[in-house]
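Step one of this worksheet: look at the structure below.
Protein chains: 2
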Amino acid sequence: MQQSKNIAIVGSGLVGSLLAVYLRKAGHQVTIFDRRPDVRKVEFSGRSINLAMSNRGWSALRRIGLEDEIRKLALPLDKRAMHVNEKPLYFQKYGKEGEAIYSISRGILNRKMIDLAEEAGAVFKFEEKVWDIDLKQATIYTGDSETTPWTEYKFDLIFGADGAFSRVRHKMQRQSRFNYSQHFIDVAYKELTIPANPDGSHKLDNASFHIWPRGKFMLIAMPNLDGSFTCTLFMPFEGEVSFESIDTEAKAEAFFEKYFPDIKEDIANLKKDFFKNPTSAMVTIKCFPWRYDDKVALIGDSAHAIVPFYGQGMNAGFEDISVLFDKMETHGDDWDKIFSEYQIARKPNGDAIAELSYRNFIEMSSKTANPMFLLQKKIEKKFAENHPEAWVPLYSRVTFSDHSYAEALKIGDKQERIMAEVLQMPDIESNWDSPEVEERILELLGEKVTV
Amino acid sequence: MQQSKNIAIVGSGLVGSLLAVYLRKAGHQVTIFDRRPDVRKVEFSGRSINLAMSNRGWSALRRIGLEDEIRKLALPLDKRAMHVNEKPLYFQKYGKEGEAIYSISRGILNRKMIDLAEEAGAVFKFEEKVWDIDLKQATIYTGDSETTPWTEYKFDLIFGADGAFSRVRHKMQRQSRFNYSQHFIDVAYKELTIPANPDGSHKLDNASFHIWPRGKFMLIAMPNLDGSFTCTLFMPFEGEVSFESIDTEAKAEAFFEKYFPDIKEDIANLKKDFFKNPTSAMVTIKCFPWRYDDKVALIGDSAHAIVPFYGQGMNAGFEDISVLFDKMETHGDDWDKIFSEYQIARKPNGDAIAELSYRNFIEMSSKTANPMFLLQKKIEKKFAENHPEAWVPLYSRVTFSDHSYAEALKIGDKQERIMAEVLQMPDIESNWDSPEVEERILELLGEKVTV
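Residue numbers (this note's numbering), protein chains in the order written: chain L, 662 to 1112; chain X, 662 to 1112.
What follows is the structure, encoded as structure tokens:
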């Protein structure tokens, strides 16, 4: 058991509130600051992408006894539903029998997590903005504005769980030798909704992650418990087909009619949301170190914000907490060592999931409709079924395993090199399921190399 | 002629003060803010590396009529003096006859530039720290601290010439879609001095840039007008031989004796400086955009801080000013267009000189003593002498030409690929000046490709 500390968490999002539960159960005092109002008392922002909880997220919840409670908020999706223009709808299974990702509304989960953290004894201070932090003293200064008098709070430890635009990291960034990058992609997103049928049922299959890949842009839809779908339109900020170019109701209507004919009955609603909801940017953030001495540590998006295209943002943040807890169990009250080993363990994995997420952005928007890409997936799938030990697909390794993101990236790269050679085989389009292809893959994998 | 604007420059360094002269001569009102005291009234910081003014710097000074004045502060260096252990001192010419870089003390130049800007009518506000900037309104807020009342200044335009840790950029960085990175290298530097002889003469050749390459660390020395040399010791922060490990006078003495035997008579002085002067970090900073609407623009290190190993930091900043001025001449009062074209013209060059400077860090510390590297330089030199049109050495293109950094990087990469092949030729060590080698290079350059 650790000595009880007085700990601040900045940020009452998913990672902040789950971390609060973990720290409370470990016997610490926990105060959570958030500049925003209590999400339980306000309408949702209209800028959320539904969450895809998968293995890493569930593991972290299970360890602290919250899995069952959260399962009730989630719908399992075991496949992609591909809405490719001029083709009938088709499905791609995500993994093996029984494997699924889970669609959860961010807002609903966040409300529940705050309830759970409060029940565990954490104290929330909403609408209290952190303006400055004395890293060495673990002291937080909050106030109404930059120039009005501030309130000072002294803690033993501070966690920055305050997301991509973290104030805690911002303070650390002004130090010498703090490496940092923020890179925005040229694509934005917007939340849209497909409402439930009048009887409360879903208008589309509710066990699928729906994708309308359209090259430079893409629509996705994930089901909610109430029969609605939360959709996300990903599209460039500027250019021919872009958020900037669609600036009238007529253009929005024409856009939805042209590109999404199979959901045209919902256009009125999509169009309303299109002009009501904000257009949001997406950023990859990398930094190092993730801690200041034994006083302050970053966790979740504040340490490694990623683009959302692998559905791993929250899962990676929850896994951070689980790894931090491993280090707490091993090193007791030596917070210097806990933070040091935590950041060394997690930094390569943060970098790896950032890279994988960025690549999936390319893959989901353009490649999912590409015949050679689909052929590759077909070959991989068959080979993986016949040789499940030798070939775990990258998506499965990231989504359904506990193996590290860094390892997944490395093995995924090797698999890509192998498949690039296989796709060069003569008449691969017709011979793709021949024994020669299978043998060639085994040969490329090497006798003793398990990837 | 442009309409006269009321312009603020944040930062009274070299770029800020030269920009002030340019803007004054173009008829604008100019106020320069600096949080530091007037450098003309205080001792130097002891953290400077001497400047190596070269073609781009001189061009920008010449254009505004300041070249002759500044030449008086500079000493031409036409070669490297290589102090390689267990070898006699030897020299490497930088370029062709008459080509040289110019050693100038940063502090002395900065004092002079501020005098010149003041003479041109710029108003300096020293010890006035900018705490906040309203980008849209081009308004600056200064004050004693973050919480005391601030003074508000409204301008038409603001330039951030406030260096690597720019407050202006810091404000821009908090915007969405602002790409930014800061990357520190693990090597630090420290200013040291070799004093003049009693008669005021230099102790080492004063027309050379002196280098003691020692693998993981390196000492350099550049002459001053007063007979002294400003030296810079580049060395890792931590590790076996590092600033951290040399923590006693005895260790410092042993270090200088072991690695720099040819300057041992100056060890007492080097040792004194070693403990007196700060150990400083080096950072590469990249960002984009470099401007906010037609209101605010970054210039010099604030837009593209680089490591100092190509001696181009100030030269690149001065070239920024010259390019900005081109755009002012072309686009008159259309500051939106001026800023837009300025950043588009300069961003790729900022990135290129960052890359070249980082590579030179590797080259200067480790490769300058490597036999194959020296052989490569020998072959290149001979070929360039015989074919001056076909082969401008990378260093010359960066240092002695007006061609863009981006072009220099691209052509330099091609030259590297060619030389990698040439060094593979049989018995190249003995045949390096044979006609076969010359022919092979010509062949690799391609019949019509001039690099």
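Positions of the beta carbon are idealized from the N, C-alpha and C atoms, including for glycine.
When rounded, the separation of the alpha-carbon atoms in X/A911 and X/F936 is 12 Å.
Taking 8 Å as the cut-off, the Cβ atoms of L/I668 and L/V691 count as close. Bounds of the alpha helix (DSSP H) holding L/H831 are 828-834.
For X/Q1076, there is no enclosing beta strand (DSSP E); the residue is found in the alpha helix (DSSP H) stretching over 1066-1083. Distances from the CA of X/R717 to each of X/C948, X/N976, X/F904 were compared; the closest alpha carbon is that of X/N976. For X/V968, there is no enclosing alpha helix (DSSP H), as DSSP marks it with neither H nor E. In this model, L/Q753 and L/D1074 are separated by some 22 Å (Cα to Cα). Under the Cβ criterion of 8 Å, L/H844 is counted among the residues facing chain X.
The C-alpha of L/A687 lies about 13 Å from the C-alpha of L/K988. In this structure X/L796 is in contact with X/V957, their Cβ atoms being roughly 5 Å apart against a cut-off of 8 Å. Check the Cα spacing between X/D994 and each of X/V676, X/D817, X/S709: the tightest is with X/D817.
X/D793 is bridged by DSSP to X/Y802.
Within 7 Å of the CB of L/R838, the CB atoms of chain X belong to F845, A942, in sequence order along the chain. Using beta-carbon distances, X/Y920 does not count as an interface residue toward chain L, since no partner is under 8 Å. Under the 8 Å criterion on CB atoms, L/T808 is classed as interfacial with respect to chain X. Annotation: X/Y1056 to X/G972 spans about 11 Å, alpha carbon to alpha carbon. L/E990 is the residue among L/W1093, L/E990, L/N1092 whose C-alpha sits nearest the C-alpha of L/Q664. Counting along the chain, L/E901 sits inside no alpha helix (DSSP H), nor does DSSP assign it H or E at all.
For L/P1096, the enclosing alpha helix (DSSP H) covers residues 1096-1106. Rounded to whole angstroms, L/F970 and L/R732 show a C-alpha spacing of 22 Å.
L/I794 sits away from L/V745, with the two beta carbons spaced by 8 Å or more.
In chain order, Y841, S842, Q843, H844 make up the part of chain X whose C-beta sits under 9 Å from the C-beta of L/Y841.
When secondary structure is reduced to three states using DSSP, L/S869 falls in the strand class. Spatial neighbours of L/F845 in its own chain (CB-CB distance under 6 Å, excluding positions within 5 residues in sequence) are listed in chain order as A942, V944. Non-local C-beta neighbours of X/N840 in its own chain, meaning closer than 8 Å and more than five positions away in sequence, comprise K947, C948, F949, ordered along the chain. Distance between L/I693 and L/V784, taken at the CA atoms: about 6 Å. Annotation: the region 733-799 of chain L contains the following complete segments of the beta strand (DSSP E) (minimum length 3 residues), in chain order: 736-738, 740-743, 751-754, 762-765, 784-786, 790-795. By the Cβ neighbour-count rule, L/Y751 is exposed, with fewer than 16 other Cβ atoms within 10 Å of its own. Collapsing the DSSP output to three states places L/L853 in a strand. Cβ atoms of L/A713 and L/I982 stay farther apart than 8 Å, at about 18 Å. For chain L, the residues of the region 805-829 of chain X that bring a beta carbon within less than 9 Å of one of its beta carbons are E807, T808, T809, P810, W811, F826, in chain order.
CA-to-CA, the gap between L/D954 and X/E852 works out to about 28 Å.
For X/G821, the enclosing beta strand (DSSP E) stretches over residues 818-821. Rounded to whole angstroms, the separation of the alpha carbons of X/S1091 and X/P1032 is 13 Å. The count of Cβ pairs closer than 8 Å, one atom from the region 858-874 of chain X and one from the region 883-894 of chain X, reaches three, so the stretches are in contact. Three or more beta-carbon pairs separated by less than 8 Å are not found between the region 873-880 of chain L and the region 957-967 of chain L, which leaves the two stretches without contact.
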